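Visitor: Residue numbers (our numbering), protein chains in the order written: chain A, 3 to 159; chain B, 34 to 570. Below is a structure I'd like to ask you about.
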Amino acid sequence: MNSKTTNVVVAGLGGQGVIKASDILAEVAFASGLDVKKSELHGMSQRGGSVSSDVRFGEHVFSPMVTRGEADFLVVIAPDQVDVNRAALSDSGVLIETSQIDESRLPNKKSMNVALLGVLSRHLQFPVDAWIEALKRNIPEKLHEANIAAFSLGRDK
Amino acid sequence: MDALQQHDLSLLSGDEAVALAAFDAGVQLGTGYPGTPSTEILETFETLGGKAQWAPNEKVALEVGIGVAIAGQRAIVTMKHVGLNVAADPLFTVALIRLDGALVIVSADDPGMASSQNEQDNRRYAVAAGVPMLEPSDSQEAYEFTLRAIEISERWQAPVLLRMTTRVCHSKTMVRRGTIAIPEPRPSHFEHDFPSRVMIPAYARPAHLRLRNTLAQMAAWNDESGPNQRIDGSASLGIVTSGISFQHVREAAPDASVLKLGMTYPLPIEQMRRFALSVERCIVIEEGDPYLVEAARTAGIAIEGKPEIFRFGELNTGRVRRILAGDSSPEPKPAPGKPPALCPGCPHRTVFTILNELDCIVAGDIGCYSLGVLPPFEAMDTLVCMGAAIGVGLGLRHALPPAEAKRVVSVIGDSTFVHSGITGLVEMVYNPPATGHLLIILDNGTTAMTGMQENPSTGRTLAHASTGKVVFEDLARSLGVRRVHVVDPAAAPEQFKALIQECLDTPELSVVIARRNCLLAARSIREYERCHEQQND
Numbered sequence: 003m004n005s006k007t008t009n010v011v012v013a014g015l016g017g018q019g020v021i022k023a024s025d026i027l028a029e030v031a032f033a034s035g036l037d038v039k040k041s042e043l044h045g046m047s048q049r050g051g052s053v054s055s056d057v058r059f060g061e062h063v064f065s066p067m068v069t070r071g072e073a074d075f076l077v078v079i080a081p082d083q084v085d086v087n088r089a090a091l092s093d094s095g096v097l098i099e100t101s102q103i104d105e106s107r108l109p110n111k112k113s114m115n116v117a118l119l120g121v122l123s124r125h126l127q128f129p130v131d132a133w134i135e136a137l138k139r140n141i142p143e144k145l146h147e148a149n150i151a152a153f154s155l156g157r158d159k
Numbered sequence: 034m035d036a037l038q039q040h041d042l043s044l045l046s047g048d049e050a051v052a053l054a055a056f057d058a059g060v061q062l063g064t065g066y067p068g069t070p071s072t073e074i075l076e077t078f079e080t081l082g083g084k085a086q087w088a089p090n091e092k093v094a095l096e097v098g099i100g101v102a103i104a105g106q107r108a109i110v111t112m113k114h115v116g117l118n119v120a121a122d123p124l125f126t127v128a129l130i131r132l133d134g135a136l137v138i139v140s141a142d143d144p145g146m147a148s149s150q151n152e153q154d155n156r157r158y159a160v161a162a163g164v165p166m167l168e169p170s171d172s173q174e175a176y177e178f179t180l181r182a183i184e185i186s187e188r189w190q191a192p193v194l195l196r197m198t199t200r201v202c203h204s205k206t207m208v209r210r211g212t213i214a215i216p217e218p219r220p221s222h223f224e225h226d227f228p229s230r231v232m233i234p235a236y237a238r239p240a241h242l243r244l245r246n247t248l249a250q251m252a253a254w255n256d257e258s259g260p261n262q263r264i265d266g267s268a269s270l271g272i273v274t275s276g277i278s279f280q281h282v283r284e285a286a287p288d289a290s291v292l293k294l295g296m297t298y299p300l301p302i303e304q305m306r307r308f309a310l311s312v313e314r315c316i317v318i319e320e321g322d323p324y325l326v327e328a329a330r331t332a333g334i335a336i337e338g339k340p341e342i343f344r345f346g347e348l349n350t351g352r353v354r355r356i357l358a359g360d361s362s363p364e365p366k367p368a369p370g371k372p373p374a375l376c377p378g379c380p381h382r383t384v385f386t387i388l389n390e391l392d393c394i395v396a397g398d399i400g401c402y403s404l405g406v407l408p409p410f411e412a413m414d415t416l417v418c419m420g421a422a423i424g425v426g427l428g429l430r431h432a433l434p435p436a437e438a439k440r441v442v443s444v445i446g447d448s449t450f451v452h453s454g455i456t457g458l459v460e461m462v463y464n465p466p467a468t469g470h471l472l473i474i475l476d477n478g479t480t481a482m483t484g485m486q487e488n489p490s491t492g493r494t495l496a497h498a499s500t501g502k503v504v505f506e507d508l509a510r511s512l513g514v515r516r517v518h519v520v521d522p523a524a525a526p527e528q529f530k531a532l533i534q535e536c537l538d539t540p541e542l543s544v545v546i547a548r549r550n551c552l553l554a555a556r557s558i559r560e561y562e563r564c565h566e567q568q569n570d
């Protein structure tokens, strides 16, 4: 990975696992020895409103927030939140959205966040083991199987 | 806190880092009142094994902290920015009192109001009360500055304000533990010292002189060896900054010279002066009020500030670039997201639907139920501060003509009522309006807004253990309110509506307790209750 900071914005609605997904991503980057910062606003996150979380990693990261128009990746878990967050993305940035996942093959609908991380993982150079490790650390054991399947669905398609 | 660790590094939020430092420093008691973005500090401190408790409000929390520090131990008291308004009374006088232990007061400010009713800048409190202040810019500094705050507090026997902001509290950044060694906490003790601790005028006058003298010593120390950092870059641009703004500055202007202030009261004015003189253009980049720039200019330092539009909301890298470029043209507005709403099945929904149907004038309060102002309910007419529902409702009743006064209702949540609604209820009994009044306490069995914390009316401690319980109906009756009703509006909405109508029609005082557990908390509450029953079997 080069020294440039990678900027990721994860967005969706309260209750969809936006923060969980950004936690997992931040941990993967952290475990890979990079400097990591992650930022979001808490408080209203369980009341169904718009939620977004910024994750930045690289050799040395200063601001924890992704500057508007500078996100390399925008991961959106709710289709109606794509337009709300589009301005975050840079001109060459990659949009990762739910239409890229065959929802009928998701073992658990609530793991769309993790399936989209699977898609994101194809663009990043972290080893798959690091992702699985971080998933397991952040998700209750009884949901491990469903989420690893969701991750693979996004990664392997 | 179950942080991932890697070569003694952890990825922690600023709140978690403060808790870790408090734990590492052997802080004997953490107390506070839940408030975004400060809540996780005490929760994490408790998880780590520290003694942490929720107080009914921030004033009581600070008073308890003062007692701990007078007893020679270390205390940390946490709150959101508006909480310091509630705790301001003890704050201004504890500044005069000689402490034997350490007292660190965390004020978590919310520029941009992610989850608050105003964006007050609590750096002003440090100046107004004469309390030294540290401002971390990431989680590592949140960890280190908490330890330094304890050191400073013990060295000068004074309280210290640790001023954080939303992005420092809630961003996760890397933390290396054990970077600063501080002395072991001392055993608790007590000695009489009337002139240093009893602030009657005769003792407070010399105490005020002492405070100003101490602040002068602190300023000299801060100038000499305070936790400030100078980065020598280009001689053409110098930036004075503090807190999270430092991070945006380093990103927006990597080549600039930077004076980053860690201790922002009392300020290292001579260092600031030397820095300003060493660069061609010197500018202050700060979030919120023009606090640093005003202080610098008062001291005769020629320095630029930011245009007024950047006083509002948070700063970020993009906005810092604009400030540096002198660009104060209108900024692009973010696309409107989906606003939060009362959850489907939330017990508050029935209440606000009916208040709307009855065309009530609703004096509201702070919590999830503030969302009762939004469509489809639109059943909240005022929101000022914690507990204001009752006083504002009473004022409306006193002032409006009877036909309108009779439609006024005060609505307040369980934790908010305990926080500062009880004195409002006393006022209601003591100075009842001619038309009577109706107080509805929305008791959903938890402090939902901030993330399901316990409070004195749940009968459980911060760690969910069983403890003394404030029972609203008993309290209201003991104050002399005759019409006290406990109901579940969602179970029988029509009956609830009839009851509200009846209370509005009578010139007597009524308290209606609308009781049903928050949907999000119901499962945990059942679990806590089951554990408690098992223990008692």
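All C-beta atoms, glycine included, are put in the ideal place defined by N, C-alpha and C. If you're wondering where the values come from, they're calculated on a predicted model, not measured in any experiment.
Quick one: Cα of Asn349 (chain B) to Cα of Ala104 (chain B), how far?
Guide: Distance between the alpha carbons of Asn349 (chain B) and Ala104 (chain B) is about 43 Å.
Visitor: Count the other C-beta atoms from every protein chain shown that fall within 10 angstroms of the C-beta of Asn9 (chain A), then say buried if there are 16 or more, exposed otherwise.
Guide: Burial call: buried.
Visitor: Express the C-alpha separation of Arg510 (chain B) and Gly16 (chain A) in angstroms, rounding to a whole number.
Guide: Their Cα atoms are separated by approximately 40 Å.
Visitor: Does DSSP put Thr491 (chain B) in a helix, a strand or coil?
Guide: Note: Thr491 (chain B) maps to coil in three-state DSSP.
Visitor: Name the chain A residues whose beta carbon is nearer than 8 Å to that of Arg200 (chain B)?
Guide: Within chain A, the residues near Arg200 (chain B) are Ser41, Pro66, Met67.
Visitor: Does any CB atom of chain B fall closer than 9 Å to the CB of Asn115 (chain A)?
Guide: Asn115 (chain A) does not count as touching chain B.
Visitor: In the DSSP assignment, find the alpha helix (DSSP H) that holds Tyr176 (chain B) and state where it starts and stops.
Guide: Its alpha helix (DSSP H) spans residues 172–189.
Visitor: Can you list the residues of chain B that Asp93 (chain A) reaches, using a CB-CB cut of under 9 Å?
Guide: Chain B residues near Asp93 (chain A): none, gap ~15 Å exceeds 9 Å.
Visitor: Would Phe153 (chain A) pass as an interface residue toward chain B - the criterion being a Cβ-Cβ separation below 9 Å?
Guide: Not one chain B Cβ lies under 9 Å of Phe153 (chain A).
Visitor: Going by DSSP in three states, Lys22 (chain A) sits in which element: helix, strand or coil?
Guide: Three-state DSSP puts Lys22 (chain A) in a helix.
Visitor: Give the C-beta separation of Val137 (chain B) and Leu44 (chain B) to the nearest angstrom, bearing in mind that I take them to be a contact with Cβ-Cβ under 8 Å.
Guide: At roughly 24 Å, the Cβ-Cβ gap does not stay under 8 Å, so Val137 (chain B) and Leu44 (chain B) are not in contact.
Visitor: Is Thr386 (chain B) close to chain A? Criterion is C-beta to C-beta, closer than 9 Å.
Guide: No, Thr386 (chain B) lies away from the interface with chain A (no Cβ there is under 9 Å from its Cβ).
Visitor: Determine contact between the region 154–169 of chain B and the region 84–98 of chain B, defined as no fewer than three beta-carbon pairs at a distance below 8 Å.
Guide: Contact between the region 154–169 of chain B and the region 84–98 of chain B is absent, because fewer than three Cβ pairs lie under 8 Å.
Visitor: For chain B, find out if any of its Cβ atoms is closer than 9 Å to the Cβ of Phe32 (chain A); answer yes or no.
Guide: Chain B, which has a Cβ nearer than 9 Å to the Cβ of Phe32 (chain A), makes this yes.
Visitor: Contact criterion: CB-CB distance below 9 Å. Does Ala28 (chain A) meet it with respect to chain B?
Guide: Output row for Ala28 (chain A): interface = yes.
Visitor: Go ahead and label Ile233 (chain B) buried or exposed: buried means 16 or more other beta carbons lie within 10 angstroms of its beta carbon, across all protein chains shown.
Guide: Per the 10 Å Cβ criterion, exposed.
Visitor: Flag this pair as touching only if the region 50–62 of chain B and the region 176–183 of chain B have three or more C-beta atom pairs under 8 Å; answer yes or no.
Guide: The answer is yes - the region 176–183 of chain B touches the region 50–62 of chain B, with three or more Cβ pairs under 8 Å.
Visitor: Flag Leu15 (chain A) as yes if its beta-carbon sits less than 9 Å from any beta-carbon of chain B, otherwise no.
Guide: Chain B contact via Cβ: present.
Visitor: Tell me which residues share the same chain as Arg245 (chain B) and place their Cβ nearer than 8 Å to its Cβ, disregarding the 5 neighbours each side in the sequence.
Guide: Only Gly163 meet the Cβ criterion.
Visitor: At a threshold of 8 Å, does Ser361 (chain B) count as lining the ligand GDP (C-beta to nearest heavy atom)?
Guide: Here there are no bound small molecules, and the ligand GDP is not part of this structure.
Visitor: Determine, using beta carbons only, whether Asn149 (chain A) comes closer than 9 Å to chain B.
Guide: Not one chain B Cβ lies under 9 Å of Asn149 (chain A).
Visitor: Measure the CB-CB distance between Phe64 (chain A) and Gly95 (chain A) and report whether it falls below 9 Å.
Guide: No, they are not a contact pair.
Visitor: Could you tell me which uninterrupted alpha helix (DSSP H) segments, each at least 4 residues in length, are contained entirely in the region 230–285 of chain B, listed from first to last along the chain?
Guide: Counting only runs of 4 or more, we get 234–258, 277–285.
Visitor: What in chain B is Cβ-close to Gly50 (chain A), meaning under 8 Å?
Guide: By Cβ distance, chain B contributes Lys371, Pro373, Ala374, Cys376.
Visitor: The region 345–360 of chain B: which residues have C-beta closer than 7 Å to a C-beta of chain A, in chain order?
Guide: Flagged, chain order: Asn349, Thr350, Gly351.
Visitor: Per DSSP, which residues does Ala396 (chain B) bridge with? Please list them.
Guide: Bridge partners of Ala396 (chain B): B:Thr415, B:Ser443.
Visitor: So with Cβ pairs under 9 Å, would you call Asn4 (chain A) a contact of chain B?
Guide: Confidence is the limiting factor: at Asn4 (chain A) the pLDDT is only 44, short of 50, which leaves the residue's position unreliable, though a coordinate-based value still follows. False, the Cβ-Cβ gap to chain B never drops below 9 Å.
Visitor: Look at the Cβ atom of Val425 (chain B), then the Cβ atom of Ala396 (chain B), and state whether they are nearer than 9 Å.
Guide: Closer than 9 Å, so yes.
Visitor: Taking only beta-carbon positions, decide if Leu194 (chain B) is within less than 9 Å of chain A.
Guide: Leu194 (chain B) does not count as touching chain A.
Visitor: Using Cβ-Cβ distances below 9 Å, what residues of the region 392–411 of chain B are close to chain A?
Guide: Taking 9 Å as the Cβ-Cβ cut-off against chain A, the residues of the region 392–411 of chain B that qualify are Cys401, Leu404.
Visitor: Just list the alpha helix (DSSP H) runs in the region 454–488 of chain B, keeping only unbroken ones of 4 residues or longer that don't cross its boundaries, in chain order.
Guide: Listed in chain order, the complete alpha helix (DSSP H) runs (minimum 4 residues) inside the region 454–488 of chain B are 455–463.
Visitor: Along the region 63–84 of chain B, where does the CB come closer than 7 Å to a CB of chain A? Name the residues.
Guide: Answer in chain order: Thr69, Pro70.
Visitor: By Cβ distance, which residues of its chain are closer than 6 Å to Arg382 (chain B), with the 5 residues on each side in sequence left out?
Guide: Closer than 6 Å at Cβ, skipping near neighbours: Leu375.
Visitor: Gly19 (chain A) to Lys138 (chain A), Cα distance in whole Å?
Guide: Whole-angstrom Cα-Cα distance: 15 Å.
Visitor: With H, G and I counted as helix, E and B as strand and the rest as coil, what does DSSP make of Arg219 (chain B)?
Guide: In this structure, Arg219 (chain B) counts as coil in the three-state DSSP scheme.
Visitor: Does Val86 (chain A) get closer than 9 Å to chain B when you measure Cβ to Cβ?
Guide: So yes, Val86 (chain A) belongs to the interface.
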